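Here my numbering is used: the first residue of the sequence shown is 274, the next is one more, and so on.
Have a look at the structure below, then the notes.
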Amino acid sequence: MIPKGKRWLLFGCVAVFPVLLIMITVFSVPVTALAASVSGKLKVYGGKKLKNIIVFLEPTNKKAADAVKKYKVTQKGRVFDPAVTVVIAGSEVIFINDEGREIDHNIYSLSRTRKFDVGLVSKGSELVVDFPKPGIVKYYCSVHKNMEGTIIVVPSQFYTLLDKPGTFILENVPEGEWKLNAAVSHRRYSASPVDVAVSGPSVDSVILQISRKRRKRR
């Protein structure tokens, strides 16, 4: 039989040991980089009412995006769905002919960002096109002249789509040096990139401007 004093000592050890385990567990959690939000306002100058504007962050070290994945664009009812797709550089887009009857399509693009021609595809076909670098890619169907779609390739997963100029917010942005920029499908307008240093919980009141490009003198 354990003496009374010893019994209390044993119980004390049992009571304290789990607390030590909890303390060890808590202090052993790895420290990860803090994530912040970047918010502000997008302004457009030049008189044009722009829509479908992508505000995005680009790492200054030019590191390739980590969140690449596959996206889908269907052709049904002789339209591209979605008409505008935002993808991360390095990702792939699967073009799916999902027509209800036998209708062929030939999807192509003459864009400098990504030039391609998938050829004539029949109902039920799926073809994959990769988009390795940022930019705007407009594509069409050579069989149906009214079909038109746009793929906006951004350099990172930190972006947001605005249907019109106004406020924006980008969440879960890691610490570091970034460039805030915007992609506009109108060829005569462009954004003026802004340097953003993320080092705290939030970066607020950033003004990003889009203006009409100056015509080059001949």
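C-beta: ideal position from N, C-alpha, C; glycine also.
Bear in mind that the values here come from a model prediction, so they are computed numbers and not experimental data.
Can you tell me the Cβ-Cβ gap for residue i and residue j, rounded? I've got them flagged as a contact below 8 Å.
i      : j      : result
Asp477 : Ser364 : Asp477 to Ser364, Cβ: 30 Å. No contact.
Thr423 : Ala362 : Contact doesn't hold; Cβ gap of about 16 Å is too wide.
Cys414 : Ile367 : Going by Cβ atoms, the distance from Cys414 to Ile367 rounds to 16 Å, so no, they are not a contact pair.
Thr358 : Val346 : 6 Å
Ile483 : Ser463 : 7 Å
Thr386 : Val410 : 5 Å
Leu541 : Val471 : Because the chain spans 274 through 491 in this model, residue 541 falls outside it and cannot be assessed.
His459 : Lys321 : 6 Å
Gly436 : Lys324 : A small correction: the amino acid at residue 436 is Asp; Gly does not occupy that position in the sequence shown. Right, the Cβ-Cβ distance comes to about 6 Å (below 8 Å), so this counts as a contact.
If you run the structure through DSSP and keep just helix, strand and coil, what is residue i?
i      : result
Leu323 : coil
Asn445 : strand
Ile369 : strand
Ile431 : It is Phe, not Ile, that sits at residue 431 in the sequence shown. Note: Phe431 maps to coil in three-state DSSP.
Lys342 : coil
Lys406 : coil
Ala309 : strand
His378 : strand
Val356 : Going by the sequence as given, residue 356 is Ala instead of Val. It is coil, neither helix nor strand.
Thr423 : strand
Tyr412 : strand
Arg485 : strand
Asp436 : coil
Lys314 : strand
Thr347 : strand
Gly363 : coil
Lys396 : coil
Lys388 : strand
Apply the 10 Å Cβ neighbour rule to residue i and answer buried if 16 or more other Cβ atoms are within range, or exposed otherwise.
i      : result
Asn445 : exposed
Ala456 : buried
Leu383 : exposed
Leu334 : Note that residue 334 corresponds to Asn in the displayed sequence, not to Leu. That one is exposed.
Ile425 : buried
Pro438 : buried
Val317 : buried
Ala309 : buried
Pro407 : buried
Ile297 : Confidence at Ile297 is low in this model, with a pLDDT of 30, below 50, so its placement is unreliable and the value that follows should be read with caution. Exposed: under 16 other Cβ atoms inside 10 Å.
Val304 : Note that Val304 has pLDDT 36, beneath the 50 cutoff, so the model's placement of it is unreliable and no number is given.
Ser429 : buried
Val401 : exposed
Cβ-heavy atom distance between residue i and the ligand GTP below 6 Å?
i      : result
Pro474 : Inclusion of the ligand GTP in the displayed structure is not the case, the ligand content being empty and no account of it being possible.
Taking contact to mean 3 or more Cβ pairs, one atom from each stretch, closer than 8 Å, check whether the region 323-333 and the region 388-400 are in contact. With the rule of 3 Cβ pairs closer than 8 Å, the region 323-333 does not count as touching the region 388-400.
Tell me whether the region 436-451 and the region 366-378 touch, counting them as touching only if at least three CB pairs, one residue from each stretch, are closer than 8 Å. Result no; under three Cβ-Cβ pairs closer than 8 Å.
Beta strand (DSSP E) segments (min. 3 residues) lying fully within the region 443-477: Runs found: 449-456, 462-465, 467-471.
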